[in-house]
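Report on one structure; see the data block that follows.
Protein chains: 2
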Amino acid sequence: MAALVSREIILDDKTKTHDPSGNALGPDHSERTRRVRMQDVARLSGVSLSTVSRAINTPEQVSGELRRRIDDAMRTLTYVPNRMAGSLAAKKSRAIGLIIPTMRNSAFATIVEELTDIFDSHGYQTFISHTDYSLEKELKATASLLSWSAAAMILTGRHHSRQTVNMLLTAEVPVVEMWDVSDQAIDTAIGISHDDVGRYVASYFVKSGAKRLGLVSAAIGQDIRATQRANGFLRSAEQLLGVPPVHVTFEERGRAKNGGVGLGRILDEAPDTDAIFYTNDTLAIGGLFECQRRCVKVPDDLRICGFGDSILSEASNPLLSTVRPPHEQIAHLTAQHVLDRLNGVKSEGEIIRLDFQHIIRETG
Amino acid sequence: MAALVSREIILDDKTKTHDPSGNALGPDHSERTRRVRMQDVARLSGVSLSTVSRAINTPEQVSGELRRRIDDAMRTLTYVPNRMAGSLAAKKSRAIGLIIPTMRNSAFATIVEELTDIFDSHGYQTFISHTDYSLEKELKATASLLSWSAAAMILTGRHHSRQTVNMLLTAEVPVVEMWDVSDQAIDTAIGISHDDVGRYVASYFVKSGAKRLGLVSAAIGQDIRATQRANGFLRSAEQLLGVPPVHVTFEERGRAKNGGVGLGRILDEAPDTDAIFYTNDTLAIGGLFECQRRCVKVPDDLRICGFGDSILSEASNPLLSTVRPPHEQIAHLTAQHVLDRLNGVKSEGEIIRLDFQHIIRETG
DNA sequence: TTTTTTCTTGAAAGCGCTTTCATAAAATGA
DNA sequence: TCATTTTATGAAAGCGCTTTCAAGAAAAAA
Numbered sequence: 008m009a010a011l012v013s014r015e016i017i018l019d020d021k022t023k024t025h026d027p028s029g030n031a032l033g034p035d036h037s038e039r040t041r042r043v044r045m046q047d048v049a050r051l052s053g054v055s056l057s058t059v060s061r062a063i064n065t066p067e068q069v070s071g072e073l074r075r076r077i078d079d080a081m082r083t084l085t086y087v088p089n090r091m092a093g094s095l096a097a098k099k100s101r102a103i104g105l106i107i108p109t110m111r112n113s114a115f116a117t118i119v120e121e122l123t124d125i126f127d128s129h130g131y132q133t134f135i136s137h138t139d140y141s142l143e144k145e146l147k148a149t150a151s152l153l154s155w156s157a158a159a160m161i162l163t164g165r166h167h168s169r170q171t172v173n174m175l176l177t178a179e180v181p182v183v184e185m186w187d188v189s190d191q192a193i194d195t196a197i198g199i200s201h202d203d204v205g206r207y208v209a210s211y212f213v214k215s216g217a218k219r220l221g222l223v224s225a226a227i228g229q230d231i232r233a234t235q236r237a238n239g240f241l242r243s244a245e246q247l248l249g250v251p252p253v254h255v256t257f258e259e260r261g262r263a264k265n266g267g268v269g270l271g272r273i274l275d276e277a278p279d280t281d282a283i284f285y286t287n288d289t290l291a292i293g294g295l296f297e298c299q300r301r302c303v304k305v306p307d308d309l310r311i312c313g314f315g316d317s318i319l320s321e322a323s324n325p326l327l328s329t330v331r332p333p334h335e336q337i338a339h340l341t342a343q344h345v346l347d348r349l350n351g352v353k354s355e356g357e358i359i360r361l362d363f364q365h366i367i368r369e370t371g
Numbered sequence: 008m009a010a011l012v013s014r015e016i017i018l019d020d021k022t023k024t025h026d027p028s029g030n031a032l033g034p035d036h037s038e039r040t041r042r043v044r045m046q047d048v049a050r051l052s053g054v055s056l057s058t059v060s061r062a063i064n065t066p067e068q069v070s071g072e073l074r075r076r077i078d079d080a081m082r083t084l085t086y087v088p089n090r091m092a093g094s095l096a097a098k099k100s101r102a103i104g105l106i107i108p109t110m111r112n113s114a115f116a117t118i119v120e121e122l123t124d125i126f127d128s129h130g131y132q133t134f135i136s137h138t139d140y141s142l143e144k145e146l147k148a149t150a151s152l153l154s155w156s157a158a159a160m161i162l163t164g165r166h167h168s169r170q171t172v173n174m175l176l177t178a179e180v181p182v183v184e185m186w187d188v189s190d191q192a193i194d195t196a197i198g199i200s201h202d203d204v205g206r207y208v209a210s211y212f213v214k215s216g217a218k219r220l221g222l223v224s225a226a227i228g229q230d231i232r233a234t235q236r237a238n239g240f241l242r243s244a245e246q247l248l249g250v251p252p253v254h255v256t257f258e259e260r261g262r263a264k265n266g267g268v269g270l271g272r273i274l275d276e277a278p279d280t281d282a283i284f285y286t287n288d289t290l291a292i293g294g295l296f297e298c299q300r301r302c303v304k305v306p307d308d309l310r311i312c313g314f315g316d317s318i319l320s321e322a323s324n325p326l327l328s329t330v331r332p333p334h335e336q337i338a339h340l341t342a343q344h345v346l347d348r349l350n351g352v353k354s355e356g357e358i359i360r361l362d363f364q365h366i367i368r369e370t371g
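Chains as they are written, first to last, in my numbering: chain Y, 8 to 371; chain L, 8 to 371.
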């Protein structure tokens, strides 16, 4: 209702020339509600525009008396500063661009929340885009966030299109590639080696007695990190056992059902399989349910390991063993790096390789 | 690395006066990389600034020939328009503010993705903030998004602080309260009645033979919608059976474990309980696991219903029955309403009450 | 052909701020 | 006391765009 009226006012407003005085409204303007500007605060508190600006941004440069008067005026007028105008004038913005593959993944959701909370507490707004694991969408998102004057960019992983990289490079802002690391980086990379995760799980299974391994993965060709985990596992497993694991893969990501289907196919093909790695927890849970249906004893007949340490892994029966990437650490280090760069505390990119954690619960 | 250099350049830049010519750089400026502006595109393509602006925003107003030259120039210069400057000049922005309680909830994650995808395809950027179910944070988020000139605001639910509402009202932008409805709205509300969900489940249980009900909830006092579901269930259950259900509630949200703990407490107190409503699926799954541990047969001994239709409900064993809110419909209607308002197709707020779906799987 | 209408284009005035730069007032030192 | 430094404030020049407004060119009508 209220907004109805307001839209009309706004549209209306455009049809008439702007009153240059800004203050003394013409008689026919009298009922028009104009958005409160800094100038209005200045007028009400009897100071100049620049003083109000200083009172907001560098209060220590304004005498206590005026500061108080300005604060009062802002409150009475319920002034909300226009950050676009501010950023434009200052040639720098308090906005951070963040690009993740999807929000429908608790790992990314967690990272997003941690990051936005930290940036928030430092006066930065985080602009988020998601790519659905598409490089093309990533490029668009990058362009979009840059066009909104992001002061820094955070992307997921190390795999980007050439154009995206160029755009980032010419934008001349700090860029962090988080979640995944390799030996190089556009600028800064903070994460884990997903290949190592796969290798690690394979060698763990073998060391603890497994003779025949299986692998269920999803979104190969889309989710490059899941693919790296799968590849690491396959290579390491074959190397250690001489036999390649039976590998079932699905197009779609995150369908728990597929975990069960994958388990079925593996056991059909290689009934002697005694340990299966799932490239994510959702799949693993699906596998676990299928074990119950088939009366396969976990971990006695078959051991299972997931990835992600999602909330389910500590609720399933038996409790799911999984690999836990250091979400909080990634988020904190990323945020801190960005803030340091923005504050001039740091001036160089860096590559930070973090450790993952193998959480052995009840599935082996 | 690249960014290191760039930061220095930018900082450096501020220490010297801006070259007013903008084009013929002084001799000592020669190596300075300045961000490409629309003026640069204009110069390279031999047209005026205004023509470039039109070529971008209203291409039909520019002759084919010039349009092509301008496109070429933009490509060679890899021009990225500055949307802040654009929004400021146009006095309207292509940014939508979206406030949700948390991203760590697949329902909201889904809605966020749907909304951003739709807005994206219409050239709008979605600015997202989360509140952790705190009204105070919601107020801050509102102020922040408004200060970034959001052209419309989307909030979750109907419960806000007075200040938030005032701010929204004076901002004079369309506002949609989604996910939850009541008889009123700040402007527009699109969602389901969570109270009805609770009542519905209770009456379903009773109609299908339940004699003693139980309820496990979380975050009462924080998540007002979960509370509404719980209250609806309690009231309806007591009304229908004459006995109040045993009600176990937890502070923290979304811990599956608590679902199991809750089940234990309920069965301890009222061993004859034959149906339990969980205010979310995560809790329900935890309850299901606990049933397995305790050898409680579901649904023969005990029936279970969750809320949310999370991905787990179709992977658990037995498959979880649950109530499914119409995520996609909420997202689509919300996005469409906002776009219609912004395009002047609609000018009034509305209240849209949607139906939820009861998905009866294997838990009763 | 001349007149009228429609299309294209450019000049210029801002959008609401930040940040020099200059100045007046106050504090400090000699 | 006067010269010097420090502090507090305001005026004004933009930030990079959009959008009138006016004018010239082209098309249509007379």
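The beta-carbon is built from N, C-alpha and C at its ideal position, and this holds for glycine as well. Everything numeric in this text was worked out from a predicted model, so none of it was measured.
Annotation for Pro-88 of chain Y: Met-45 and Ile-63 place their beta carbon closer than 8 Å to its own, counting only its chain and skipping 5 residues before and after. 7 Å or more divides the Cβ of Ala-148 of chain Y from the Cβ of Ile-197 of chain Y. Within the segment 335–347 of chain L, not one residue has a Cβ closer than 7 Å to any Cβ of chain Y. Counting the other CB atoms within 10 Å of its CB gives Pro-66 of chain Y a total below 16, which places it among the exposed residues. Annotation: Arg-82 of chain Y to Leu-56 of chain Y spans about 16 Å, alpha carbon to alpha carbon. Partner residues in the beta bridge of Val-182 of chain Y, as assigned by DSSP, are Y:Met-160. CA-to-CA, the gap between Ala-96 of chain L and Ile-135 of chain L works out to about 24 Å. Between Val-183 of chain Y and Ile-161 of chain Y, the CB-CB gap stays under 7 Å. Within chain Y, no C-beta atom comes less than 9 Å from the C-beta of Phe-363 of chain L; the nearest is roughly 20 Å away. In this chain, the alpha helix (DSSP H) harbouring Ala-209 of chain L covers 201–214.
Counting other Cβ atoms within 10 Å of its Cβ, Gly-53 of chain L stays below 16 and is therefore classed as exposed. About 7 Å separates the CB atoms of Gly-261 of chain L and Ile-318 of chain Y; that is less than 8 Å, so the two are in contact. In this structure the segment 120–128 of chain L lies against the segment 322–340 of chain L, because at least three pairs of beta carbons, one per stretch, are closer than 8 Å. Take Ile-231 of chain L, set aside five residues on each side of it, and the residues of its chain with a beta-carbon closer than 7 Å to its own are Gly-164 and His-166, in chain order. Residue burial is scored here from C-beta neighbours: Thr-133 of chain Y has at least 16 other C-beta atoms within 10 angstroms and is therefore classed as buried. Distance between Ser-94 of chain Y and Thr-117 of chain Y, taken at the CA atoms: about 29 Å. For the segment 257–269 of chain L, residues whose beta-carbon sits nearer than 9 Å to a beta-carbon of chain Y comprise Gly-261, Arg-262, Ala-263, Lys-264, Gly-266 and Gly-267.
Within a 10 Å sphere around the beta-carbon of Cys-298 of chain L sit 16 or more other beta-carbons, which makes this residue buried. Residue state for Cys-298 of chain L is assigned as helix, using DSSP reduced to three classes. The criterion of a C-beta distance shorter than 7 Å is not satisfied by Val-208 of chain Y and Arg-360 of chain Y.
For chain Y, the residues of the segment 144–166 of chain L that bring a beta carbon within less than 7 Å of one of its beta carbons are Ala-150, Ser-151, Leu-153, Ser-154, Trp-155 and Ser-156, in chain order. At a beta-carbon threshold of 8 Å, the residues of chain Y lying near His-137 of chain L are Glu-120 and Thr-123, ordered along the chain. Taken in chain order, the unbroken stretches of beta strand (DSSP E) that lie wholly in the segment 247–285 of chain L and span 3 residues or more are 253–257 and 282–285. Counted as a single uninterrupted DSSP element, the alpha helix (DSSP H) harbouring His-339 of chain Y occupies residues 334–349. Look at the segment 27–110 of chain L and you find these whole runs of alpha helix (DSSP H), each 4 residues long or longer: 45–52, 56–64, 71–84 and 90–97.
In the same chain as Lys-264 of chain Y, and ignoring 5 residues on each side of it, the C-beta atoms closer than 6 Å to its own belong to Gly-293, in chain order. Remark: C-beta atoms of Arg-301 of chain L and Ser-328 of chain L do not approach each other more closely than 7 Å.
Within the same chain, and ignoring the five residues on either side of Ala-225 of chain L in sequence, the residues whose Cβ sits closer than 8 Å to its Cβ are Ala-233, Thr-256, Phe-257, Glu-258, Glu-259, Arg-260, Gly-261, Arg-262, Asn-265, Thr-286, Asn-287 and Leu-290. The criterion of a C-beta distance shorter than 7 Å is not satisfied by Arg-331 of chain L and Asp-308 of chain L.
By the neighbour-count criterion, in which 16 or more other beta carbons inside 10 Å mark a residue as buried, Glu-143 of chain L falls on the exposed side. If you look at Ile-125 of chain Y, you'll find it isn't in any beta strand (DSSP E); it sits in the alpha helix (DSSP H) that goes 113–128.
The residues Val-43 and Val-48, in chain order, have a CB closer than 6 Å to that of Tyr-86 of chain L in the same chain once the five nearest residues on each side in sequence are set aside. According to the DSSP secondary-structure assignment, Val-223 of chain L is paired through a beta bridge with L:Val-255 and L:Tyr-285. Its Cα nearest to that of Trp-155 of chain Y, the residue Y:Ser-100 stands out among Y:Ser-100, Y:Gly-205, Y:Phe-126 and Y:Met-110. Between Leu-220 of chain L and Ala-244 of chain L the beta-carbon gap is near 5 Å, inside 8 Å, which marks them as a contact.
For Asp-279 of chain Y, the CB contacts under 6 Å within the same chain, skipping 5 residues up- and downstream, are Arg-219 in chain order.
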